[in-house]
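> My questions will all concern the structure given below.
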């Protein structure tokens, strides 16, 4: 995950409390989604950014996951996301994201 | 008035030593981790000139192979030798590093490039034999060069940027100012490489277009470098400075910038300049970029692959007034990502692809071929960036399905039918849509294609001035034939006017009679 984005996520978590934050990803494939999810939960796996060694355990989803899709106005989702939903390997993304969430998320009910 | 594509030039320069000394991945590593395994391992992954010549994507870039032929070759390509390994092709050439260092010196009008006497003497004849070189360019290379000891002193004591060949220091680029970082040896080196490769592209394009150098009235440079001093960092002008060396005596020019989208912007601007009648012949040109050499080198070395980002790229396209046969740019069918478009991929692709088509009642499938970001997947896939052109085609196809213009079952075949396999070096602006213009011109003129769309996209956030995305697109189509005279009235129109006048007159008479 971009170092500047790591910094912003860390600052938001400090400002609003990690239990009040949901990180929404839009990465183009499973592996990249998993890496970003790992960064905001377990810490930066590349040991390069501000989240190195910082396990925020934030709640994190990809925008194409069904839990997130259900929260959207259908028309907005159709206009903004549906084209990419057709292009992306959504199942692979769901697998990657679920695995990371199950292992590292601290605030899932 | 219409503007047509009269010809194009595509060149590559094999720069293995610049990968090691000037690519930012390597220069950064040397600062933060000078003893790294990567730096130790890297030299053994560098390709020879012969290997670069027989690399499939390179042969496509200079036009010896067609993208359709490349698509038939199973990936990866770096372990397969192309059956053509010519240095010259219909679009341009691949120049070896030693010749290019001499050309850099020819392009330097401030005496900053120093070459070791023996090196210059050994390779002068090779540059002179290059078909695009002429006496005026060769005469810019001084007979008396510099001693090796002096070059070593300049590099160690005067902050000069070393020029290496096969690991040996053979020259240097001096700084152009003692304290101005914009004129440092590093920046001057980067800019002179851009300029020299642009000169090569200009000379190739003018030759391929079959025009004379005197015909060129304006040059637009769309590379990604900036030249200027501390009072005007990006003042310019690469376009005019390259035109000077290329011998385009009747040309002036200017630089257009817009990251990777700049070539598409520049093409539209050039087409508009010609169509408006402002200039009769305009050339869009760009040289390559040393900073991006070996950009994904860490991933390539880690995976045991050769360093494939060892080529500086360049291109130039000649646009002229209508000749009745060359493909034309349809200035009434332009795609634009505007400030208000937003950054969702769907909005981006709609603004660039479907908005201009909708204006003419065309469907996505009415464009025969799309040329978006044509990065070579052999380079990007091992680095985790995927197949960039293919991703673009999938998005365009998905949009076509959403619009009901394509069956969902045809999603997989769309990239084959309407797309191309990427072959361009990852030099930022170089792969951005424009590598296809040369092939598009040929295929449209051969009647194989009717319409192609060139799409340029740019990541503006890199300049930290805006987070907005950017992109523009344009359509190249078969020449629609002789243009209608703009002044005057046709016979049919005259008949219509007379008929209307008589009818009005009759109505007046009738009214009076009543």
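Residue numbers (the working numbering), protein chains in the order written: chain D, 108 to 216; chain W, 158 to 671. We put the CB at the ideal spot given by N, CA and C, even for glycine.
1) Would you give the residue range spanned by the alpha helix (DSSP H) that residue 267 (chain W) belongs to?
2) How is residue 378 (chain W) classed by DSSP in three states: helix, strand or coil?
3) Given 8 Å as the limit, is there contact between the stretch 181-189 of chain D and the stretch 141-159 of chain D, that is, 3 or more CB pairs closer than that?
4) Pull the bridge partners of residue 161 (chain W) from the DSSP assignment, please.
5) Can you confirm whether residue 540 (chain W), when its beta carbon is compared against all beta carbons of chain D, has any partner nearer than 8 Å?
6) Short of 9 Å Cβ to Cβ, which residues in the stretch 155-186 of chain D face chain W?
7) Comparing C-alpha positions only, which one of D:109, D:111, D:119, D:110 sits nearest to residue 163 (chain D)?
8) DSSP on residue 326 (chain W), reduced to helix/strand/coil?
9) Is it the case that the Cβ atoms of residue 444 (chain W) and residue 548 (chain W) are separated by a distance below 8 Å?
10) Helix, strand or coil for residue 570 (chain W) per DSSP?
11) Classify residue 122 (chain D) as helix, strand or coil using the three-state DSSP reduction.
12) Would you say residue 193 (chain D) faces chain W, with C-beta separation under 8 Å as the test?
13) Please list the partners that residue 503 (chain W) has in chain D, where partner means a Cβ-to-Cβ separation under 8 Å.
14) Count the CB pairs spanning the stretch 247-256 of chain W and the stretch 278-293 of chain W that are closer than 8 Å, and state whether there are at least three.
15) Going by alpha carbons, who is nearest to residue 173 (chain W) out of W:192, W:208, W:164, W:161?
16) Pick helix, strand or coil for residue 468 (chain W), following the three-state DSSP scheme.
17) Measuring only between beta-carbons, confirm whether residue 149 (chain D) sits less than 8 Å from chain W.
18) Taking the straight line between their C-alpha atoms, what separation do you get for residue 617 (chain W) and residue 229 (chain W)?
19) Sort W:168, W:586, W:476, W:505 by Cα distance to residue 414 (chain W) and report the nearest one.
20) Quick one, which of D:175, D:137, D:194 has its alpha-carbon nearest residue 566 (chain W)'s?
21) At 7 Å on the CB atoms, spell out the chain D contacts of residue 556 (chain W), in chain order.
22) So, at 7 Å on beta carbons, what are the nonlocal neighbours of residue 642 (chain W) in its own chain, with the 5 sequence-adjacent residues on each side left out?
23) Quick one: which residues of the stretch 118-139 of chain D get their C-beta closer than 8 Å to a C-beta of chain W? List them in chain order.
24) In terms of alpha-carbon separation, which member of W:354, W:214, W:504 lies closest to residue 240 (chain W)?
25) Return the residues of the stretch 556-576 of chain W that lie within a Cβ-Cβ distance of less than 7 Å from chain D, sorted by chain order.
26) Which complete alpha helix (DSSP H) runs does the stretch 182-251 of chain W hold, if anything under 4 residues is left out?
27) Quick check: residue 562 (chain W) and residue 521 (chain W), are their CB atoms within less than 8 Å of each other?
28) Check for me: the alpha helix (DSSP H) holding residue 275 (chain W) runs from which residue to which?
29) Below 8 Å, can you find three or more Cβ-Cβ pairs linking the stretch 583-599 of chain W to the stretch 159-166 of chain W?
30) Relative to the alpha-carbon of residue 550 (chain W), which residue among W:296, W:330, W:611, W:318 has its alpha-carbon at the smallest distance?
31) Strictly under 8 Å for the Cβ-Cβ distance: is residue 644 (chain W) near chain D by that measure?
32) Name the two residues that bound the continuous alpha helix (DSSP H) containing residue 550 (chain W).
33) What beta strand (DSSP E) runs, 3 residues minimum, are completely inside the stretch 604-642 of chain W?
34) My understanding is that residue 317 (chain W) touches residue 331 (chain W), with C-beta atoms under 8 Å, so please give their C-beta distance in whole angstroms.
35) Going along chain D, which residues have a C-beta under 7 Å from residue 551 (chain W)?
36) Can you tell me where the beta strand (DSSP E) holding residue 409 (chain W) begins and where it ends?
So, to answer that:
1) Stepping through the second chain from its first residue, residue 267 (chain W) is reached at position 110. Taken as a continuous stretch (DSSP letters only), residue 267 (chain W) belongs to no alpha helix (DSSP H), as it is neither H nor E.
2) Along the second chain, one-based indexing puts residue 378 (chain W) at 221. DSSP places residue 378 (chain W) in strand when its eight states are reduced to three.
3) Output reads no: the stretch 141-159 of chain D does not touch the stretch 181-189 of chain D.
4) Position 4 of the second chain, counted from the first residue, corresponds to residue 161 (chain W). Answer by DSSP bridge pairing, in chain order: W:477, W:485.
5) As a first step, residue 540 (chain W) must be located in the second chain, where it is residue number 383. It does not: the Cβ of residue 540 (chain W) has no partner Cβ on chain D nearer than 8 Å.
6) 185, 186
7) For this step, residue 163 (chain D) is matched to residue 56 along the first chain. The option with the nearest alpha carbon to residue 163 (chain D) is D:119.
8) In the second chain, counting from the first residue as 1, residue 326 (chain W) sits at position 169. The answer is strand: DSSP assigns residue 326 (chain W) an E or B state.
9) One-based indexing of the second chain puts residue 444 (chain W) at position 287. One-based indexing of the second chain puts residue 548 (chain W) at position 391. Not in contact: residue 444 (chain W) and residue 548 (chain W) (Cβ atoms no closer than 8 Å).
10) Along the second chain, read from residue 1 onward, the residue named residue 570 (chain W) stands at position 413. In the structure shown, residue 570 (chain W) sits in coil (DSSP, three-state: anything other than H, G, I, E or B).
11) Within the first chain, residue 122 (chain D) is the residue found at index 15, counting from 1. In the structure shown, the three-state DSSP call for residue 122 (chain D) is helix.
12) For this step, residue 193 (chain D) is matched to residue 86 along the first chain. At a cut-off of 8 Å between beta-carbon atoms, residue 193 (chain D) makes contact with chain W.
13) The residue labelled residue 503 (chain W) in the question sits at position 346 within the second chain. Within chain D, the residues near residue 503 (chain W) are 186, 187, 188, 189, 190, 191.
14) yes
15) Taking the second chain and counting its residues from 1, one reaches residue 173 (chain W) at position 16. For the set W:192, W:208, W:164, W:161, the Cα lying nearest the Cα of residue 173 (chain W) is the one of W:208.
16) Taking the first residue of the second chain as position 1, residue 468 (chain W) is located at position 311. Of the three classes helix, strand and coil, the one that applies to residue 468 (chain W) here is strand, per DSSP.
17) Working through the first chain from its first residue, we reach residue 149 (chain D) at position 42. Cβ-Cβ to chain W under 8 Å: no for residue 149 (chain D).
18) Along the second chain, read from residue 1 onward, the residue named residue 617 (chain W) stands at position 460. Along the second chain, read from residue 1 onward, the residue named residue 229 (chain W) stands at position 72. Each residue's alpha carbon lies about 35 Å from the other.
19) Along the second chain, one-based indexing puts residue 414 (chain W) at 257. Checked all of W:168, W:586, W:476, W:505; the closest Cα to residue 414 (chain W) is W:586.
20) Counting from 1 along the second chain, the entry for residue 566 (chain W) is found at position 409. Of D:175, D:137, D:194, the residue nearest in Cα terms is D:194.
21) As a working note, residue 556 (chain W) is residue 399 in the second chain. Going along chain D in sequence order, the residues near residue 556 (chain W) (Cβ under 7 Å) are 190.
22) One-based indexing of the second chain puts residue 642 (chain W) at position 485. Low local confidence applies: a pLDDT of 48 at residue 642 (chain W) is under 50, so the model's placement there is unreliable, with the coordinate-based value given in what follows. Nothing meets the Cβ criterion.
23) 135, 136, 138, 139
24) In the second chain, residue 240 (chain W) corresponds to position 83, counting from 1. Out of W:354, W:214, W:504, W:214 has the C-alpha closest to the C-alpha of residue 240 (chain W).
25) 556, 558, 559
26) With a minimum length of 4 residues, the continuous alpha helix (DSSP H) runs that stay inside the stretch 182-251 of chain W are 194-198, 206-210, 213-218, 224-228.
27) Position 405 of the second chain, counted from the start, is the residue given in the question as residue 562 (chain W). Position 364 of the second chain, counted from the start, is the residue given in the question as residue 521 (chain W). Their beta carbons are under 8 Å apart, which means residue 562 (chain W) touches residue 521 (chain W) by this criterion.
28) Translated into the one-based positions of the second chain, residue 275 (chain W) becomes position 118. Unbroken alpha helix (DSSP H) run through residue 275 (chain W): 274-285.
29) yes
30) Position 393 of the second chain, counting from 1, holds the residue named residue 550 (chain W). Checked all of W:296, W:330, W:611, W:318; the closest Cα to residue 550 (chain W) is W:611.
31) In the second chain, the residue the question calls residue 644 (chain W) occupies position 487. Model confidence at residue 644 (chain W) stands at a pLDDT of 49, short of 50, so the residue's coordinates are unreliable and nothing is read from them.
32) In the second chain, the residue the question calls residue 550 (chain W) occupies position 393. Per DSSP, residue 550 (chain W) belongs to the alpha helix (DSSP H) from 545-559.
33) 608-616, 626-634
34) In the second chain, residue 317 (chain W) corresponds to position 160, counting from 1. In the second chain, residue 331 (chain W) corresponds to position 174, counting from 1. Sure, about 5 Å apart at Cβ, within 8 Å.
35) Within the second chain, residue 551 (chain W) is the residue found at index 394, counting from 1. Simply 194.
36) Position 252 of the second chain holds residue 409 (chain W). 409-412 is the extent of the beta strand (DSSP E) around residue 409 (chain W).
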